[in-house]
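Just so you know, the protein sequences line up as chains A and B, in that order. Last residue of the first sequence: 232 in UniProt numbering, with the numbers rising by one and none dropped. Last residue of the second sequence: 232 in UniProt numbering, with the numbers rising by one and none dropped. Note that the Cβ used here is the ideal one computed from N, Cα and C, for glycine as well.
2 protein chains.
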Amino acid sequence: MAATDKALAGLRQMIASGELGPRAKFPPEPELCDHLGVSRSSLREAVRSLAALGVIESRHGSGTYVSALDPASIISRFSLSVELIPLEGVLELLEVRRVLESHATAAAAARQDPELAIKLGEILDRLESTTDATEIHFLDAEFHGAICSAGGNSTVTALTGVIRGRGGHYRIFEPGADFNAIKQTSDRGHRAILSAIATRDPAAAATAASAHIAQTELWLRALRPEPQPDLP
Amino acid sequence: MAATDKALAGLRQMIASGELGPRAKFPPEPELCDHLGVSRSSLREAVRSLAALGVIESRHGSGTYVSALDPASIISRFSLSVELIPLEGVLELLEVRRVLESHATAAAAARQDPELAIKLGEILDRLESTTDATEIHFLDAEFHGAICSAGGNSTVTALTGVIRGRGGHYRIFEPGADFNAIKQTSDRGHRAILSAIATRDPAAAATAASAHIAQTELWLRALRPEPQPDLP
DNA sequence: GACCGTAATTGGTCTGAGGACTTACGCTTC
DNA sequence: GAAGCGTAAGTCCTCAGACCAATTACGGTC
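Structure (structure tokens):
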């Protein structure tokens, strides 16, 4: 077995066996090297692998720790890879988002939280009064994110958030020929979702959310140009 | 900016900008080090990070390549981290599986593929005639996996597969007090799903799948003992 | 008891060397 | 001329040692 793989397996086993629970601290690197029987380079590469997956966190000068191991933060790490997926793959991901977010929107509507509808209304007021692509993207994420949070499953919120972030790299809302038509359709979709939530109608909320995201899928299918995400 | 982060950003940018497409080959390590301005150690740690996320593949003696970048294979990489999530988190994940697999099962029922029903029936015949925990787990995965595949979205298949793999580490089907009752309930659930698919009733299929997975959630809530997954 | 500076601990980075695997090329052979 | 084979080049993998940077812990000072 290769050195790095051996280290990787050893580290995972330490967590899986319960020897180290969430937020627990690993022994210092030299000690781990001795315990796992690999060099420091190989150990560090293994640690990096698990850190990329959100399982481990290294803090300079402090130590190496097991992460909180909650699904939401682990899923958030996917954005690093999902943002690189080409358009064809994004369409498959959007179906996942449509199904999950439709479910979450229905749950949000069933929750009967009056403050949610007020908050969403404020977001939409701002969203409808702007034409700046960046701000549109931000407010759209805030709107859908708030609904998913109200749905009560943080894993769903994280997963839909990652997918939404990827789709956002395709500039649907760039000022252009169809900009006004697309923006109006999008705004109407948002209002339909809010209306269903405000009237506490889960079925209507699910349908509205599903239709709204399906519309996004259609737009993405229409614009097949090359992706050009800006990375930090 | 830290060296490894600089290398990580550089590598991602090479892919995101389109300079390197799926399956493209990276320059040799020394060349990349020079281009990115970091040492080989830092570069290799960055490569390991992206490899863990399924974005990059290193082949010993050959070179470093961009992966196929398809959503299914990237999502499959999640199993490395999802398998370490504690029980509380698994319950949230199971809700995701319930929603997605319910959707996929409905889609499979709508597909009207006679061979699918035959194949599923054979799997259930074998599943109902065994009491071996390992074989039960394997056949259960085969049954649900075949249905998801028929649903037509490989991302959904990969995602539900990862979650199912995690839940499987909790030994619901260990011979014990409630073994017979649980097994019979599970078998009935599978038959209900198959029946809905065979009669091409998407709504019934969705309901049956949802109920079946919801039942699994109940069982997992009931057994709160420590997780003990066996890792390779 | 609170504050602060120093020392110890720990992860981050770089360099250099040799080993292991894959691939490509040229040679031999039929 | 084509197939098989062995060698050589290319490339990633692993190890070792040294030094840097950030955090933490300790002791002294006020």
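B/Gly37 sits in coil when the DSSP states are folded into three classes, being neither helix nor strand. Note on geometry: alpha-carbon atoms of B/Ser154 and B/Pro30 lie some 37 Å from one another. A/Lys119 sits close to A/Ala146, with the two beta carbons spaced by under 8 Å.
With respect to the 8 Å criterion, B/Ala109 and B/Ala196 are classified as neighbours on the basis of their beta carbons.
Around A/Ala52, the beta-carbon contacts reaching into chain B at under 8 Å are Arg48, Ser49, Leu50, Ala52, Leu53. In this structure, DSSP gives B/Gly63 an extended state, which the three-state scheme calls strand. Between B/Ala208 and the set B/Arg98, B/Leu69, B/Leu20, B/Thr130, the nearest pair of CA atoms involves B/Arg98. When the Cα atoms are used, A/Trp219 and A/Ala206 turn out to be separated by approximately 20 Å. Closest by C-alpha distance to B/Leu84, out of B/Thr185, B/Glu217, B/Gly165, B/Ser186, is B/Gly165. Contact of A/Gly89 with chain B by beta-carbon distance below 9 Å involves Leu69, Asp70, Pro71, Ala72, Ile74, Thr155. Boundaries of the alpha helix (DSSP H) harbouring A/Phe179: 179-198, taken from the DSSP string. For A/Val55, there is no enclosing alpha helix (DSSP H), as DSSP marks it with neither H nor E. For A/Ser210, the enclosing alpha helix (DSSP H) begins and ends at 202-222. In the same chain as B/Arg200, and ignoring 5 residues on each side of it, the C-beta atoms closer than 6 Å to its own belong to Ala109, Gln112, in chain order. Around the beta carbon of A/Thr216, 16 or more other beta carbons sit within 10 angstroms, so the residue counts as buried. In this structure, B/Ala211 is the residue among B/Ala7, B/Ala211, B/Thr160 with its C-alpha nearest to the C-alpha of B/Thr185. One thing to note: B/Thr4 has its Cβ within 8 Å of the Cβ of B/Glu45. When the beta-carbon positions are compared, B/Pro22 and B/Val55 stay at least 8 Å from each other. Approximately 4 Å separates the beta-carbon atoms of A/Ala52 and B/Ala52; this is inside 8 Å, confirming the contact. For B/Glu45, the closest Cβ of chain A is nearer than 8 Å.
Chain A places a beta carbon closer than 8 Å to that of B/Leu100, counting this residue as a contact. Of the candidates A/Pro28, A/Leu139, A/Leu11, A/Ala222, the residue whose Cα lies closest to the Cα of A/His60 is A/Pro28. Listed in chain order, the positions of the region 6-33 of chain B with a beta carbon within less than 9 Å of a beta carbon of chain A are Leu8, Ala9, Arg12, Gln13, Ile15, Ala16, Ser17, Gly18, Gly21, Pro22. Taking CB atoms only, A/Ser81 has a neighbour in chain B less than 8 Å away. In this structure, the straight-line span from the alpha carbon of B/Met14 to that of B/Cys33 is close to 14 Å.
A distance below 8 Å separates the beta carbons of A/Leu127 and A/His190. Neighbourhood of A/Ser41 in chain B, by CB distance below 7 Å: Ser41, in chain order.
A distance below 7 Å between beta-carbons, with the five flanking residues on each side excluded, links A/Glu142 to the following residues of its chain, in chain order: Ile123. B/Glu92 belongs to the set of residues whose beta carbon lies under 8 Å from a beta carbon in chain A. Chain-order list of chain B residues neighbouring A/Ile85: Leu69, Asp70, Pro71, Ile74, by C-beta distance under 8 Å.
Residue-level contact check: B/His144 does not touch chain A, since none of the beta carbons of chain A fall below 8 Å from its beta carbon.
Listed in chain order, the alpha helix (DSSP H) elements of length 4 or more contained wholly in the region 100-160 of chain A are 114-128, 133-151.
Shortest Cα-Cα distance from A/Lys6 to any of A/Leu20, A/Phe26, A/His35 involves A/His35. Sequence-distant partners of A/Thr131 (beyond 5 residues in either direction) whose C-beta falls short of 6 Å from its own C-beta are missing from its chain.
Its Cα nearest to that of B/Gly152, the residue B/Leu100 stands out among B/Leu100, B/Ala181, B/Val162. Per DSSP, the unbroken alpha helix (DSSP H) holding A/Ile74 starts and ends at 71-76.
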